[in-house]
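A.B. asks: Residue numbers (the numbering used here), protein chains in the order written: chain W, 674 to 880; chain X, 12 to 207.
Cβ atoms here follow ideal geometry from the backbone N, Cα and C, with glycine treated the same way.
Source: prediction; values computed, not measured.
Take a look at the following structure, please.
Structure, rendered in C-alpha cells:
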C-alpha cells in the first residue's frame, strides 16, 4: 500500500512551485495587472509591493481555508474581500509606521491590494477548496511568482529609463536614458513586449 | 473661479486628463478582459459608471459623517469594501431582472465588478484629493466611471479592427493588446497639463 502511495506525486511541491512559472499570475494568467503596471517604475517600490502581496496572500489564504466550510455561495466574495481588507489594513499601517517614505511612494496602491484579482482568485480557486497547509504553500508560491514578475518588469524599466538598478549605476557613462519607459506608456509597452518574448520562448521550446 | 466652472473642470479632469485607466492603471483587468466586443464593453462601462457614482458618493458620506467624527478611520478600507459590494449586489439584481441577455453575456465579470480597482480607487482618491463637499464627490465619481467607459469602448473598437490585422505570431493576443493600450495612453498624455 505504502509503495503505491509513493508513486502519486505529493500535492505540496506542486502547490508551491506552480505559481513561480507554470501559473505565474502576471506573465501566464494575466491577473492582478494593476500593481505590475503601476508600481514598477523602480525596483524598490516593486519589491515592497511584492512582499506586501505575499503577506496578504498567505494570511488571507490561511483564514479563508480555515473558514471554507462556513462559506455561503452568494456571500463568498464579500467574505473574501473583508478578510483581505483586514490584512491590507494591517500591512498599510505597518508600512506607514516603519517605512513612511515607501508608503508615500506606493500611496493608494497599498489599499488597492484589497481588490487585486490575484488574491481573490487564489481564495476562490485554492483556499476555499483545500486545507490550510496547501493554501499557505500556494500563497507563498503565487506571491513569489508575482514578486519576481514585478521585479523583472521594474528592473527593465528602471535600467532603461534611468540607467540605474536598485539605485546603483549599471549603464556606461554615455548611455542616454529613455525616460518614456518610466511613464504609464512604458508600463504597458514593456509588459506587452515581455509577454511577446515569453511567447517566442515557449513556441521555440515546443517546436 | 465660480463653483460651476470648478465642477466642470473637475469632471473633465477625471474623464480625460487623469483618466484612471490611462494614468493610474486602475481597472486594467476588465479593460483587457471584457474589451473584445464594443456592445459588451459599453454595457460593462455603464454598469461600472453606475457603481462608481453610487459607491463614491456613499463612501464619501460615510467617511465624512460617520468615520471621521467617531475617529474610526482605521476601519475605512473594510467599510469601503462592504459599501461597494452592496452597490454591486444592487446592480446585479437589477441587470438580472431587466436585461437577462446582458446578464448572461457578463457571466462572472458582473460580480467581479466589486473587485474592480476603479471603484475602490475612486473612493480612496476622493480622500487623497481632499474632496470636501458632496456635490464635488458626486461629480468626480461619476466622471471617473465615464472615463472608464470611454477607455474601454475605445479599446473594444480598436480590438474589433485588430482581429483583421496581420499581427506577428509572437505578439498575438495579450501582448498586442497591451502595446495598443500603451499607444492609447501615449495619445491621452496629450491632455496632460490642460487643466491644473
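State yes or no: is the C-beta of residue 731 (chain W) within less than 8 Å of the C-beta of residue 757 (chain W)?
C.D. replies: Position 58 of the first chain, counting from 1, holds the residue named residue 731 (chain W). Position 84 of the first chain, counting from 1, holds the residue named residue 757 (chain W). Going by C-beta atoms, residue 731 (chain W) is not nearer than 8 Å to residue 757 (chain W).
A.B. asks: Please specify which runs of the alpha helix (DSSP H), each continuous and at least 4 residues long, are wholly inside the region 45 to 87 of chain X, giving them in chain order.
C.D. replies: 49 to 73
A.B. asks: Does residue 699 (chain W) have its Cβ less than 8 Å from a Cβ in chain X?
C.D. replies: The residue you call residue 699 (chain W) lines up with position 26 of the first chain. So, not an interface residue.
A.B. asks: Using 10 angstroms around the beta-carbon of residue 811 (chain W), count the other beta-carbons present and answer buried if the total reaches 16, otherwise exposed.
C.D. replies: The sequence position of residue 811 (chain W) within the first chain is 138, counting from 1. Buried, since its Cβ has 16 or more Cβ neighbours within 10 Å.
A.B. asks: Rounded to whole angstroms, what is the Cα-Cα separation between residue 148 (chain X) and residue 847 (chain W)?
C.D. replies: The sequence position of residue 148 (chain X) within the second chain is 137, counting from 1. The sequence position of residue 847 (chain W) within the first chain is 174, counting from 1. Going by the C-alpha atoms only, they are around 49 Å apart.
A.B. asks: What would DSSP say about residue 170 (chain X), mapped onto helix, strand or coil?
C.D. replies: Residue numbering aside, residue 170 (chain X) sits at position 159 when the second chain is read from its first letter. Reduced to three states, the DSSP call for residue 170 (chain X) is helix.
A.B. asks: Taking just the CA atoms, how far does residue 850 (chain W) sit from residue 836 (chain W)?
C.D. replies: Your numbering for residue 836 (chain W) matches position 163 in the first chain. Your numbering for residue 850 (chain W) matches position 177 in the first chain. C-alpha separation (whole angstroms): 6 Å.
A.B. asks: Output the boundary residues of the alpha helix (DSSP H) element that contains residue 752 (chain W).
C.D. replies: One-based indexing of the first chain puts residue 752 (chain W) at position 79. 749 to 771 is the extent of the alpha helix (DSSP H) around residue 752 (chain W).
A.B. asks: Step through the CB atoms of chain W and report whether any lies within less than 8 Å of the CB of residue 36 (chain X).
C.D. replies: To locate residue 36 (chain X), count along the second chain from 1; it is residue 25. At a cut-off of 8 Å, the C-beta of residue 36 (chain X) has a neighbouring C-beta in chain W.
A.B. asks: Could you compute how far the alpha carbon of residue 157 (chain X) sits from the alpha carbon of residue 700 (chain W)?
C.D. replies: Residue numbering aside, residue 157 (chain X) sits at position 146 when the second chain is read from its first letter. Residue numbering aside, residue 700 (chain W) sits at position 27 when the first chain is read from its first letter. The alpha-carbon of residue 157 (chain X) is positioned some 30 Å away from that of residue 700 (chain W).
A.B. asks: Only counting runs of 4 or more residues, tell me where the alpha helix (DSSP H) segments fall wholly within the region 816 to 861 of chain W, in order along the chain.
C.D. replies: DSSP runs (the alpha helix (DSSP H)) wholly in the region 816 to 861 of chain W: none.
A.B. asks: How about the region 104 to 115 of chain X and the region 176 to 183 of chain X: do they share at least three Cβ pairs that are nearer than 8 Å?
C.D. replies: Output reads no: the region 176 to 183 of chain X does not touch the region 104 to 115 of chain X.
A.B. asks: Could you check which residue in W:687, W:683, W:711 has the C-alpha nearest to that of residue 781 (chain W)?
C.D. replies: Stepping through the first chain from its first residue, residue 781 (chain W) is reached at position 108. When each option's Cα is compared against that of residue 781 (chain W), the closest is W:711.
A.B. asks: Between residue 695 (chain W) and residue 814 (chain W), what straight-line distance do the alpha-carbon atoms span, to the nearest angstrom?
C.D. replies: For the purposes of this step, residue 695 (chain W) is identified with residue 22 of the first chain, where counting begins at 1. For the purposes of this step, residue 814 (chain W) is identified with residue 141 of the first chain, where counting begins at 1. Cα-Cα distance, rounded: 11 Å.
A.B. asks: Give the residues from the region 717 to 736 of chain W that approach chain X closer than 7 Å (Cβ to any Cβ), ordered along the chain.
C.D. replies: none
A.B. asks: For a quick check, are the C-beta atoms of residue 805 (chain W) and residue 738 (chain W) less than 8 Å apart?
C.D. replies: To locate residue 805 (chain W), count along the first chain from 1; it is residue 132. To locate residue 738 (chain W), count along the first chain from 1; it is residue 65. Cβ distance < 8 Å, so residue 805 (chain W) and residue 738 (chain W) count as in contact.
A.B. asks: Establish whether the CB of residue 634 (chain W) and some CB of chain X are separated by less than 8 Å.
C.D. replies: Nothing about residue 634 (chain W) can be read from this structure; chain W reaches only from 674 to 880.
A.B. asks: Against chain W, with Cβ distances strictly below 8 Å, would residue 150 (chain X) count as a contact?
C.D. replies: For the purposes of this step, residue 150 (chain X) is identified with residue 139 of the second chain, where counting begins at 1. Not one chain W Cβ lies under 8 Å of residue 150 (chain X).
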